[in-house]
Amino acid sequence: MSKVVYLISCGAGPAPYATEFITAAQEEGWDCHAITTPAGRGFVDVAKLEDASGNPVISEHRRPGTPRRGRPPADALVIAPATANTICKLAAGIADTYALDIASELIGLGVPTVVVPFVNSALAGRAPYWRAVEWLRDEGVTVIDVEPHEPRTGGEKLAGFPWKAALEEALESSGLAIQSGT
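Each residue of the sequence shown is one higher than the last, beginning at 19 in our numbering.
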């Protein structure tokens, strides 16, 4: 039986490289299901994510009267890259998008959740943001410490985005060991 990880990507610079996470997850035996926020969908190549994962990329709720999606239950959730907006809304319990609805539900179900911020220092220095990080951690969510970048310099930080660390943290928090030892 495959382990299942949901990857939620927000509208931030590293989102187009989410296939790096998917590939690494598959190498560890995970079935990866990509979800995007509405803004995140504009940052990714949906066909490329679907091709890499073998699963549809979902960004919105199904319409009334349409069949339920056959997505398996998640063993772990990774939100990467996570914007300040998503982090603050998630901590406040605001589930006004499909991605936030799924994330809120999985946290409530106790599914191991890892958040990897991609936030500039102006946003990260505000009380709503650092309080949200605190609140999420109080709920058992792992928020990886990623140093905020200066405003308008995020492009310089794309290569160093910790996709592999996100996967390793998901494996560890779900109690599943890394197979390849990488």
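For every residue, glycine included, the Cβ atom is placed at its ideal position computed from N, Cα and C.
Give me, in chain order, the residues of the same chain whose beta-carbon lies closer than 7 Å to that of residue i; leave out the 5 immediate sequence neighbours on both sides.
i: Gly-29; result: Thr-55, Ala-57, Gly-58, Gly-60, Phe-61, Thr-101
i: Val-64; result: Val-75
i: Lys-182; result: Ala-42
i: Gly-72; result: none
Based on Cα-Cα distance, which residue from the options lies nearest to residue i?
i: Pro-32; options: Lys-182, Leu-185, Leu-189, Ala-177; result: Ala-177
i: Glu-68; options: Ile-53, Val-134, Phe-136, Pro-85; result: Ile-53
i: Ala-70; options: Pro-90, Glu-46, Glu-152, Ile-40; result: Ile-40
i: Pro-169; options: Trp-48, Ser-191, Glu-45, Ser-139; result: Ser-139
i: Ser-27; options: Ile-125, Thr-37, Lys-21; result: Thr-37
i: Pro-90; options: Glu-186, Leu-118, Ser-20, Val-164; result: Ser-20
i: Trp-153; options: Asn-73, Ala-109, Val-96, Pro-146; result: Ala-109
i: Glu-157; options: Leu-141, Gly-111, Thr-104; result: Gly-111
i: Ala-150; options: Thr-104, Ile-97, Asn-73, Lys-175; result: Thr-104
i: Glu-190; options: Val-96, Thr-84, Gly-72, Ser-77; result: Val-96
i: Leu-127; options: Tyr-116, Arg-144, Thr-115, Ala-94; result: Ala-94
i: Gly-187; options: His-167, Lys-175, Ile-162; result: Going by the sequence as given, residue 187 is Glu instead of Gly. When each option's Cα is compared against that of Glu-187, the closest is Ile-162.
i: Arg-144; options: Ala-117, Lys-175, Thr-171, Pro-166; result: Pro-166
i: Glu-78; options: Ile-120, Lys-66, Gly-172, Glu-46; result: Ile-120
Quick one: residues in its chain with C-beta nearer than 6 Å to the C-beta of residue i, no 5 flanking neighbours on either side, listed in chain order?
i: Gly-193; result: none
i: Ala-43; result: Val-23, Cys-50, Leu-185
Looking at the strands, I want to know which residues DSSP matches up with residue i.
i: Trp-181; result: The partner list for Trp-181 (beta bridge, DSSP) is empty, contrary to what the question assumes.
i: Pro-135; result: Ala-100
i: Ile-26; result: Ile-53, Ile-97
Got a sec? Which residues, its chain only, sit under 8 Å from residue i by beta carbon, not counting five neighbours each side?
i: Pro-99; result: Ser-27, Cys-28, Ala-30, Gly-31, Pro-32, Ala-33, Val-134, Pro-135, Phe-136, Phe-179
i: Arg-80; result: Arg-86, Arg-87
i: Tyr-147; result: Ala-102, Ile-105, Cys-106, Val-137, Leu-141
i: Thr-84; result: none
i: Ser-122; result: Leu-108, Gly-111, Ala-113
i: Arg-155; result: Val-161
i: Tyr-35; result: Leu-176, Phe-179, Trp-181
My guess is that residue i and residue j are in contact by the Cβ rule of under 8 Å, so how many angstroms apart are they, rounded?
i: Leu-118; j: Ala-92; result: Not a contact, Cβ separation roughly 15 Å.
i: Thr-131; j: Thr-160; result: 7 Å
> Quick one: complete alpha helix (DSSP H) runs, 4+ long, within the segment 49-127?
Replying inline: 56-59, 64-71, 102-110, 116-126
> Hey, which unbroken runs of the alpha helix (DSSP H) at 4 residues or more fall wholly within the segment 142-176?
Replying inline: 145-156
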